[in-house]
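Written out below as structure tokens is the structure these notes cover.
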Amino acid sequence: MSEIVLESLGKTFGDFTALADMNLTIANGEFMALLGPSGCGKSTTMNMIAGMLRPSCGAIRFNGQDVVDVPMAKRGVGFVFQNYAIFTHMSVRENLAYGLRAQGVPTADIKKRIQAFAELLQLESMLNRRAAGLSVNILQRLAIGRSAILEPAIFLLDEPLSNVDAAFRAVMRSELKSLQGQFGQTMVYVTHDQLEAMTMADRIAVMDHGKLLQVGTPLEIYNNPADTFVAKFIGAPGMNILQGRLSQSADVASVGVPGVGSIPLSPALQSAVRQLTGPEVQVGFRPEQVNVAGAGLTMHVGLVERIGARTIVHLERGETTAKAVLPADVALPKAQSDWTFAVPQEDIRLFDPKSGQALKARTH
Amino acid sequence: MTSIRFENVSKYYGDALAVDQVSFEVPDNAFFCFFGPPLSGKSTILKLILGLETPDSGEIFFDGRPMRDVSPPDRNVAMVFQNLALFPHMTALENVRFPLVERKIDEATIRARVAEVTEKLHMAHILHKPPAQLSGGERQRVAIARALVRDPVAYLMDDPISALDARLREETRVELRRMQQDMAKTLIYVTHDQEEAMSVSDQMLILDKGRVRQIGAPHDLYDTPNSAYVASMLGAPAMNMAGTSDAVSALSNALDIDQGTMTVGIRPEHLKVVRKDGPGRVTAIEPLGATTVLSIEAAGVTWKASLRGQPKHEIGAPVELSVDAGGLHCFDAQGDALSAA
Numbered sequence: 010m011s012e013i014v015l016e017s018l019g020k021t022f023g024d025f026t027a028l029a030d031m032n033l034t035i036a037n038g039e040f041m042a043l044l045g046p047s048g049c050g051k052s053t054t055m056n057m058i059a060g061m062l063r064p065s066c067g068a069i070r071f072n073g074q075d076v077v078d079v080p081m082a083k084r085g086v087g088f089v090f091q092n093y094a095i096f097t098h099m100s101v102r103e104n105l106a107y108g109l110r111a112q113g114v115p116t117a118d119i120k121k122r123i124q125a126f127a128e129l130l131q132l133e134s135m136l137n138r139r140a141a142g143l144s145v146n147i148l149q150r151l152a153i154g155r156s157a158i159l160e161p162a163i164f165l166l167d168e169p170l171s172n173v174d175a176a177f178r179a180v181m182r183s184e185l186k187s188l189q190g191q192f193g194q195t196m197v198y199v200t201h202d203q204l205e206a207m208t209m210a211d212r213i214a215v216m217d218h219g220k221l222l223q224v225g226t227p228l229e230i231y232n233n234p235a236d237t238f239v240a241k242f243i244g245a246p247g248m249n250i251l252q253g254r255l256s257q258s259a260d261v262a263s264v265g266v267p268g269v270g271s272i273p274l275s276p277a278l279q280s281a282v283r284q285l286t287g288p289e290v291q292v293g294f295r296p297e298q299v300n301v302a303g304a305g306l307t308m309h310v311g312l313v314e315r316i317g318a319r320t321i322v323h324l325e326r327g328e329t330t331a332k333a334v335l336p337a338d339v340a341l342p343k344a345q346s347d348w349t350f351a352v353p354q355e356d357i358r359l360f361d362p363k364s365g366q367a368l369k370a371r372t373h
Numbered sequence: 029m030t031s032i033r034f035e036n037v038s039k040y041y042g043d044a045l046a047v048d049q050v051s052f053e054v055p056d057n058a059f060f061c062f063f064g065p066p067l068s069g070k071s072t073i074l075k076l077i078l079g080l081e082t083p084d085s086g087e088i089f090f091d092g093r094p095m096r097d098v099s100p101p102d103r104n105v106a107m108v109f110q111n112l113a114l115f116p117h118m119t120a121l122e123n124v125r126f127p128l129v130e131r132k133i134d135e136a137t138i139r140a141r142v143a144e145v146t147e148k149l150h151m152a153h154i155l156h157k158p159p160a161q162l163s164g165g166e167r168q169r170v171a172i173a174r175a176l177v178r179d180p181v182a183y184l185m186d187d188p189i190s191a192l193d194a195r196l197r198e199e200t201r202v203e204l205r206r207m208q209q210d211m212a213k214t215l216i217y218v219t220h221d222q223e224e225a226m227s228v229s230d231q232m233l234i235l236d237k238g239r240v241r242q243i244g245a246p247h248d249l250y251d252t253p254n255s256a257y258v259a260s261m262l263g264a265p266a267m268n269m270a271g272t273s274d275a276v277s278a279l280s281n282a283l284d285i286d287q288g289t290m291t292v293g294i295r296p297e298h299l300k301v302v303r304k305d306g307p308g309r310v311t312a313i314e315p316l317g318a319t320t321v322l323s324i325e326a327a328g329v330t331w332k333a334s335l336r337g338q339p340k341h342e343i344g345a346p347v348e349l350s351v352d353a354g355g356l357h358c359f360d361a362q363g364d365a366l367s368a369a
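Note that the protein sequences, when read in sequence, are chains A and B. Everything in the first sequence is counted per my numbering, starting at 10 for the first residue and increasing by one. Everything in the second sequence is counted per my numbering, starting at 29 for the first residue and increasing by one.
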């Protein structure tokens with residue numbers, strides 16, 4: 010049972026604020042991803058949970074107990090780093106046994122657990138190999154195994170897959186997910202890769218410049234991003250954000266994008282835009298929401314990237330750029346031509362032009 | 029204006045055959061990509077083009093002229109390395125000027141040449157900055173501009189953007205494609221990222237242990253791979269592969285399987301999943317927003333289905349699987365494709 014609570018957590022290095030006022034509760038057995046670009050404060054947060062860094066302010070509680078003064082070794086956390094720090098002079102078996110020996114686990118138990126974890130992580134065939142000659146992929150798998158075998162209640166992983174190749178990354182994503190499902194540890198996973206966060210996490214905490222911007226399930230964050238940063242960071246490609254202007258004709262409020270066209274607003278968004286003080290607004294829609302059968306918006310087609318099952322169409326008109334993602338069974342637009350499309354009303358998201366915050370559609 | 033042609037080129041390192049009877053032609057002004065796993069011969073082929081290695085047999089031609097006795101500098105091929113090797117103490121402009129200054133070319137020519145190249149690559153706003161102040165994509169542009177001022181016949185790039193993070197790679201590959209179209213030069217490219225390869229290339233050459241497996245436009249290779257090998261190299265998630273009888277028991281529709289089929293391949297986006305009592309069980313759900321990837325156990329095989337949007341599914345729930353018309357690939361015992369799906 011390990012719930013992690015971060016309360017008004019902050020960390021400064023001299024004048025530099027690495028993390029400010031972080032409030033986050035990670036439930037027992039939850040898989041939480043800390044997601045953001047480099048310098049967003051995700052690793053700083055992780056290092057404070059692990060006990061490698063002391064907070065400048067705020068509290069960290071495990072199951073209600075403040076752990077700020079508890080040394081790293083006594084916090085009961087397992088930690089896997091990007092650089093896997095394997096003992097290369099030892100065999101795979103010795104690496105797996107190392108932590109258990111240090112804990113004084115009986116030899117018979119060590120043997121049993123090594124067998125079980127080697128099977129789980131497909132390391133059985135190389136138990137007696139020296140770590141020195143192993144590939145990067147296998148070393149990372151071993152690093153995860155060496156930590157997981159201690160069955161820590163809290164498992165912290167800092168970009169563990171950033172050095173392995175793409176195919177292996179996909180395999181490890183599902184292995185990590187099933188490992189966690191099996192042992193039910195509380196998992197905190199630091200990554201800059203939104204795909205890893207989306208595919209593995211129960212919830213994602215999106216961070217930027219030392220601030221927590223949004224916490225939610227992958228689809229909550231994808232469908233209703235809290236601001237334009239989150240909107241653009243999640244998704245591949247991210248959400249299109251265009252500079253728009255509100256207009257009112259007869260009873261219909263719509264948002265126009267200069268030179269591109271205009272989209273009538275849903276009733277919920279019509280009420281949301283009343284929060285704005287001027288006509289300027291940022292209009293967001295996901296590249297895959299572009300409807301090729303519709304009309305209303307026209308942009309110039311630049312590059313057309315056909316990537317297997319999907320095609321990314323790069324659109325521009327003056328200063329405005331956008332992307333559309335089309336499935337393989339849709340007729341592709343010609344490069345260097347004008348192209349007309351629609352975005353369904355319900356897929357439009359609006360953002361405050363100054364703060365970038367999402368305008369919340371109030372449902373009646 | 030140069031076409032590069034290999035005719036039955038082989039290269040040994042000791043006893044190891046690194047490049048095995050390779051023949052291909054890179055059309056003029058093409059974005060041509062070599063793709064394959066590590067040690068498949070990609071880097072050796074680049075070295076052979078540059079002239080850093082000599083073929084043990086076969087011949088390399090530039091515009092029909094044999095290159096056997098032409099030294100690397102005389103081939104005039106520019107290489108952009110993975111570590112871009114910019115001079116950190118020089119500005120972007122000084123870096124770009126460097127190869128011309130070093131050759132003692134007169135100042136007026138240098139200015140004209142540099143202006144032409146930097147304008148084409150839209151880099152006026154970064155010229156005064158040192159590399160440390162540039163983004164990964166911008167540094168890439170400086171490295172390419174520096175290669176471009178020499179006016180080479182072709183560019184070679186060996187995994188030039190693999191060090192960048194995922195988001196930056198997506199942007200930079202589009203930049204690279206635009207630049208290649210603007211410069212109208214042959215660009216020979218090596219990458220290990222299938223999405224990047226498909227995004228940028230006019231043509232791809234798929235390598236397997238030093239041998240050519242297939243050459244063609246990326247979407248042709250994706251839609252009609254000539255082998256299970258090529259099929260599994262492209263696409264994420266990868267093509268589902270199953271034995272013929274497993275496929276028959278897992279899928280609900282009648283399959284049009286060719287005579288002699290050993291393995292059936294189905295791309296994840298060509299699987300249809302219906303929530304009803306069927307032979308499949310959902311074992312994992314990956315919600316990506318734009319698509320949802322399901323893992324489904326059926327007939328002892330784990331199938332990946334890539335569904336559009338955010339359909340509702342539950343782990344452990346029974347499902348029925350079927351394949352879209354034209355979505356079936358048949359491979360024989362050697363792994364060769366039996367019919368164009």
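All C-beta atoms in this analysis are idealised placements derived from N, C-alpha and C, irrespective of residue type, glycine included. Bear in mind that the values here come from a model prediction, so they are computed numbers and not experimental data.
Sub-7 Å separation of residue i and residue j beta-carbons
{"i": "Q208 of chain B", "j": "F59 of chain B", "result": "yes"}
{"i": "V142 of chain B", "j": "R125 of chain B", "result": "yes"}
{"i": "R155 of chain A", "j": "L109 of chain A", "result": "no"}
{"i": "G308 of chain B", "j": "V47 of chain B", "result": "no"}
{"i": "L228 of chain A", "j": "P315 of chain B", "result": "yes"}
{"i": "S271 of chain A", "j": "S263 of chain A", "result": "yes"}
{"i": "E12 of chain A", "j": "N37 of chain A", "result": "yes"}
{"i": "Y257 of chain B", "j": "G363 of chain B", "result": "yes"}
{"i": "L251 of chain A", "j": "V266 of chain A", "result": "yes"}
{"i": "V54 of chain B", "j": "G86 of chain B", "result": "no"}
Start-to-end residues for the beta strand (DSSP E) that takes in residue i
{"i": "R309 of chain B", "result": "G308 to P315"}
{"i": "I285 of chain B", "result": "Here I285 of chain B belongs to no beta strand (DSSP E), and DSSP marks it neither H nor E."}
{"i": "N36 of chain B", "result": "I32 to Y41"}
{"i": "D347 of chain A", "result": "D347 to F350"}
{"i": "D360 of chain B", "result": "First-last for D360 of chain B: undefined, no H or E at that position."}
{"i": "V50 of chain B", "result": "A44 to V54"}
{"i": "N249 of chain A", "result": "N249 to S258"}
Same chain, Cβ closer than 8 Å to residue i, five either side skipped, listed in chain order
{"i": "V59 of chain A", "result": "Contrary to the premise, residue 59 of chain A reads as Ala rather than Val in this sequence. These residues qualify, in order along the chain: M81, R84, V86, F88 and L165."}
{"i": "T21 of chain A", "result": "A27 and S65"}
{"i": "L159 of chain A", "result": "G87, G108, L109 and Q112"}
Beta-ladder partner(s) of residue i, from DSSP
{"i": "P346 of chain B", "result": "B:R309"}
{"i": "M232 of chain B", "result": "B:C61 and B:G244"}
{"i": "E325 of chain A", "result": "A:H309 and A:T330"}
{"i": "A42 of chain A", "result": "A:Y198 and A:I213"}
{"i": "T34 of chain A", "result": "A:V14"}
Residues near residue i by beta carbon distance below 6 Å, same chain, minus five either side
{"i": "A245 of chain A", "result": "none"}
{"i": "A368 of chain B", "result": "Annotation note: pLDDT 49 at A368 of chain B (below 50); position unreliable, no value reported."}
{"i": "M185 of chain B", "result": "V108 and Y217"}
Cross-chain neighbours of residue i in chain A, by beta carbon under 9 Å
{"i": "H156 of chain B", "result": "Within chain A, no residue comes near H156 of chain B; the closest Cβ sits about 24 Å away, beyond 9 Å."}
{"i": "R167 of chain B", "result": "Near R167 of chain B there are no residues of chain A at all, since even the closest Cβ is about 16 Å away, more than 9 Å."}
{"i": "R295 of chain B", "result": "G317 and A318"}
{"i": "M226 of chain B", "result": "E314, R315, I316 and G317"}
Closer than 9 Å at the beta carbon, the chain C residues around residue i
{"i": "V334 of chain A", "result": "The structure shown contains no chain C; its protein chains are A and B."}
Boundaries of the alpha helix (DSSP H) in which residue i is found, first to last residue
{"i": "H247 of chain B", "result": "P246 to D251"}
{"i": "E144 of chain B", "result": "E135 to K148"}
Chain-ordered neighbours of residue i on chain B, where CB pairs are closer than 8 Å
{"i": "P246 of chain A", "result": "E198"}
Beta-carbon neighbours of residue i, restricted to chain B and to distances below 9 Å
{"i": "D356 of chain A", "result": "Here the premise fails: no neighbours, minimum Cβ distance about 11 Å."}
{"i": "A175 of chain A", "result": "H220, D221, Q222, E223 and A264"}
{"i": "L228 of chain A", "result": "P315, G317 and Q338"}
{"i": "R295 of chain A", "result": "G317 and A318"}
Nonlocal neighbours in the same chain, by C-beta distance under 7 Å from residue i, ignoring five residues either side
{"i": "S47 of chain A", "result": "H201"}
{"i": "R138 of chain A", "result": "S100 and V101"}
{"i": "I383 of chain A", "result": "Outside the shown range of chain A (10 to 373) lies residue 383 of chain A, about which nothing can therefore be said."}
{"i": "A351 of chain A", "result": "N300, G303, A304, G305 and L306"}
{"i": "A44 of chain B", "result": "none"}
Partner residues on chain A for residue i, Cβ-Cβ distance less than 7 Å
{"i": "A353 of chain B", "result": "Result: empty, since nearest Cβ-Cβ is about 11 Å, beyond 7 Å."}
{"i": "R206 of chain B", "result": "L312"}
{"i": "H247 of chain B", "result": "R315"}
Within chain A, the residues that residue i reaches when beta carbons sit closer than 8 Å
{"i": "S334 of chain B", "result": "A318"}
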